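Heads up, the thing below is written out as structure tokens.
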Amino acid sequence: MKIVSVVGTRPQLIKAAALQPVLRRDHEDVFVDTGQHYDDAMAGNFFGELGLARPDHALGIGGGGHGDQTGRMLIALEPLIREAAPDAVLVYGDTNSTLAGALAAAKLGIPVAHVEAGLRSFDRRMPEELNRVVADHLATWLFAPTAAAVANLAAEGIASGVIDVGDLMLDLAARVSHEVRDPASLATIGERLGLPLSPGGYLFATVHRAENREPAALAAWAAMLGDAATPNRPVVLALHPGTRAALTAAGVTLPATVAVVEPQGYRTSLALQLHAAAVLTDSGGVQREAAWLGVPCLVLRDRTEWVETVGGPDSSSVLVGLDRTAARRELATRAPVDGSPEIAARRAAGLHLTGPGAAERISVALSAGEPPGAR
Ligand code: UD1
Ligand code: UDP
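All residue numbers in the sequence shown are consecutive under my numbering, ending with 376.
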């Protein structure tokens, strides 16, 4: 089958790294990068680290407002897809690159394959929710990562073409995480960053969701990270450039106990999660990785589409939104200063992840052609 696969952002490059080897073994793959993310630390470095092929088409779209950015992607994608005349256009996740890829293909009558179909936060103020709803309703193959995602699609009347393939990102985490199990990998990262990092002796944070870039939200999570950090247990914040710009624009400064670093590579991100006392994040990907690695995780959102990660009292993750009191309480019980080094050491020593084989399942389903009853 001839497939045009579309990426554009950091998490999509990471997902493509899990799928591309299998896709290219079994199919003809035209790899398109919209360039929604463009800094080396957000995009370029991942090609080398993850062994991704160079894009066949790099559209260089960059940032901008939603309509502007998505519109420029549509303008660039339409002639490219028409010219390539693929059997399917494959899109990942829920970004503006996902929306543009799905919409451009559907308008040309080309079947869409959506990886990570069926996720719902049920909050349409999140731009990602709009993107995933539209992509799902345009898709012919809906590769759901979880049973809950399948149920969400069924509730919207979508059953044909839905396959629970498991989580593609777990395939990659399972392939790579053993490389960062040794605490020596953390020491090397600490040296590079100029931070004394020891297992369980720091907290790892990432923040980038649109709602957390509003001025009041910036001040709230900055204070929350300040509460969480102590001189002996700093917060390491791998700062998305969009969040950095929002902090500057709003004049919000971070407490000195928060060590701000550039966005890191994939293995470094896994290592910083695995060996942390706890993770604080609003990222969908980090939220799941922290759950797989077994690291306590405070989710700085009111809702999540990854409901399994915050499933119950035994779950290692919890939604705290921007509630400082809840964050203090959850950290005290889930990541006590005294016990965390031993817990982190045990966690890393016992780490063994198994991938669900999502990449293989996706490729096999595509090989089988359009599902019966395809819309
Ligand atoms: C996007 C996705 C979000 C995803 C996130 C992953 C949408 C609507 N949002 O959010 O779902 O979770 O990627 O990280 O598609 N910037 C840079 N350099 C870069 C990339 C971005 O400086 O390499 C800055 C620019 O100021 C840009 C801003 O960040 O305008 C926002 O970037 P954008 O790609 O529009 O959205 P993200 O917040 O990254
Ligand atoms: N990640 C990374 N470097 C960082 C922070 C995150 O490589 O500094 C990885 C993280 O391990 C996960 C992915 O980026 O695999 C998640 O992407 P992101 O948080 O940008 O987007 P989301 O998952 O929220 O859409």
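From the three backbone atoms N, C-alpha and C, an ideal C-beta is built for every residue, glycine too. Remember, it's a predicted structure, so these values are computed and weren't measured experimentally.
Just the Cα atoms here: how many angstroms apart are residue i and residue j?
| i | j | result |
| --- | --- | --- |
| A150 | L100 | 18 Å |
| M43 | P264 | 7 Å |
| P297 | D57 | 40 Å |
| T244 | P342 | 30 Å |
| V262 | G158 | 44 Å |
| P87 | E192 | 47 Å |
| S98 | Q21 | 17 Å |
| P357 | L173 | 10 Å |
Report all residues from its chain with a CB closer than 6 Å to the CB of residue i; omit the five preceding and five following residues, and keep chain order.
| i | result |
| --- | --- |
| L91 | I4, S6 and A114 |
| P216 | A251 |
| T269 | I190 |
| E79 | A105 |
| R73 | I62 |
| R348 | G295 |
| V31 | V5, D57 and A85 |
| D283 | V208, R210, N213, L301 and R302 |
Comparing alpha-carbon positions, which option in the options lies nearest residue i?
| i | options | result |
| --- | --- | --- |
| A1 | Q274, P232, G266 and Y93 | Residue 1 is absent from the model: the chain starts at 2 and stops at 376. |
| R26 | D183, I363 and P372 | I363 |
| P235 | Y267, P197 and D165 | P197 |
| L131 | T189, H67 and P80 | H67 |
| V8 | P342, F47 and W142 | F47 |
| Q1 | Q37, A366, A136 and K108 | The requested residue 1 does not occur in the structure, where the chain is confined to residues 2 to 376. |
| D315 | T326, A327 and T334 | T334 |
| G285 | A278, A272, L273 and L299 | L299 |
| R182 | P112, H353, T10 and I111 | H353 |
| A230 | Q274, L273, A279 and A246 | A279 |
Looking only at its chain, what residues have a beta carbon closer than 8 Å to the beta carbon of residue i, apart from the 5 residues adjacent to it on each side?
| i | result |
| --- | --- |
| A218 | E212 and L323 |
| L255 | A223, L226, G227, L238, L248 and V261 |
| V163 | A118, G119, L143, A145, V151, L154 and A155 |
Just to confirm before moving on: does the CB-CB distance between residue i and residue j stay below 8 Å?
| i | j | result |
| --- | --- | --- |
| L238 | L226 | yes |
| I204 | L281 | The amino acid at residue 204 is misidentified as Ile; the sequence shows Leu. Closer than 8 Å, so yes. |
| L171 | W307 | no |
| S161 | R304 | no |
| T96 | L60 | no |
| T355 | A175 | yes |
| A140 | A118 | yes |
| A346 | G201 | yes |
| D1 | L154 | A query on residue 1 cannot be resolved here, the shown segment of the chain reaching from 2 to 376 and no further. |
| L51 | Y267 | yes |
| R133 | L120 | yes |
| H276 | P184 | yes |
| A107 | L53 | no |
| T147 | E309 | yes |
| A369 | V23 | no |
Spatial neighbours of residue i within its chain, please: CB distance less than 7 Å, with the 5 preceding and 5 following residues excluded, ordered by chain position.
| i | result |
| --- | --- |
| G374 | S161 |
| W222 | V208, N213, L301 and L323 |
| P242 | D40 and M43 |
| I344 | G201 |
| R1 | In the structure displayed, the chain extends from 2 to 376; residue 1 sits before or after that span and is not available. |
| K379 | Residue coverage of the chain in this structure runs from 2 to 376, which leaves residue 379 outside it and unanswerable. |
Per DSSP, which residues does residue i bridge with? Please list them.
| i | result |
| --- | --- |
| T282 | T207 and V300 |
| F32 | S6 |
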